[in-house]
Amino acid sequence: NAGVMQNPRHLVRRRGQEARLRCSPMKGHSHVYWYRQLPEEGLKFMVYLQKENIIDESGMPKERFSAEFPKEGPSILRIQQVVRGDSAAYFCASSPNRENYGYTFGSGTRLTVV
Amino acid sequence: QQQVKQSPQSLIVQKGGISIINCAYENTAFDYFPWYQQFPGKGPALLIAIRPDVSEKKEGRFTISFNKSAKQFSLHIMDSQPGDSATYFCAASMYNDYKLSFGAGTTVTVRA
């Protein structure tokens, strides 16, 4: 049973480009959570999604960031017109129900904006 | 604002020694306190967790101590081993909630 799969592992983008981060939850998990980890900081909640629904996006920056979890395929975190401050590690977690103690985190995507 | 404050930022301990990491929280509604271990290039993995109805929980060499009145909790790693070298994060949430508030992390280095 594969864990939470995130790709790419590393992503380099120039300022102004778009970044697309993908997350495939564990088999049987229908709840997905995205967290961002800035250098020297802990993880910060961004968004919680179920299939085809955004449940809570209170941690998402108001502009340039969006997330989706379609009926088929992985969850996508999309960052448009990236800036240097978007450089961070982005982690996805999944769970079988709406709770945090069943979380399994992926290995993350390290985004570097140059 | 940081809802969970963690210290120290880093620590070095000799093999066989005790590593102690402290966390403090503000939100009295928090009632679930997990600790995560993260190795370089990997995602955080749940290590041990406690709820405030007990003051201490032990799993192998890892112990959480919890002080509800002081709103503090700590992780003790007994008989530290080089394989314990990692970054440790405390976190807190309301039980059955999906959202975790993390501390800033402590990088532990165990010297052989």
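So the protein sequences, as listed, match chains B and D.
Each residue of the first sequence is one higher than the one before, starting from 11 at the first, in this note's numbering.
Each residue of the second sequence is one higher than the one before, starting from 1208 at the first, in this note's numbering.
No residue lacks a Cβ here, since even glycine has one placed at the ideal position from N, Cα and C.
Within the DSSP bridge table, the entry for D/Pro1259 names no partner.
Per DSSP, the beta-bridge partners of B/Val123 are B/Arg23. Neighbours of B/Ser34 across chain D, judged by C-beta separation under 8 Å, do not exist; the nearest C-beta is about 13 Å away.
CA-CA distance, D/Thr1316 to B/Lys61, rounds to 40 Å. Bridge pairing for B/Ile89: B/Ala29, B/Phe75 [DSSP]. Separation of B/Gln91 and D/His1283 (C-alpha to C-alpha, rounded to the nearest whole angstrom) is 44 Å. When the five nearest sequence neighbours on each side are left out, the beta carbons in the same chain lying within less than 7 Å of the beta carbon of B/Arg24 are those of Val124, in order along the chain.
Counted as a single uninterrupted DSSP element, the stretch harbouring B/Pro106 is not any beta strand (DSSP E), since DSSP gives it neither H nor E. B/Arg46 counts as buried, since no fewer than 16 other beta carbons sit within 10 angstroms of its beta carbon. Under DSSP, D/Ala1252 takes part in a beta bridge, and its partners are D/Gln1244.
In the DSSP assignment, B/Met15 is bridged to B/Ser34.
Under the three-state reduction of DSSP output, B/Arg46 falls in the strand class.
DSSP places B/Arg94 within a helical segment (H, G or I) once states are collapsed to three. Judged by beta-carbon spacing, D/Lys1249 lies beyond the 7 Å limit of B/Phe55, meaning their Cβ atoms are not closer than that value. Within the segment 34 to 61 of chain B, the residues whose Cβ lies closer than 9 Å to any Cβ of chain D are, in chain order, His41, Tyr43, Tyr45, Gln47, Glu50, Glu51, Gly52, Leu53, Lys54, Phe55, Tyr58.
Listed as beta-bridge partners of B/Lys61 by DSSP are no residues whatsoever.
Exposure of B/Val93 is indicated by the presence of fewer than 16 other C-beta atoms within 10 angstroms of its C-beta.
Interface annotation for the segment 1261 to 1291 of chain D against chain B: empty, criterion Cβ-Cβ distance under 8 Å.
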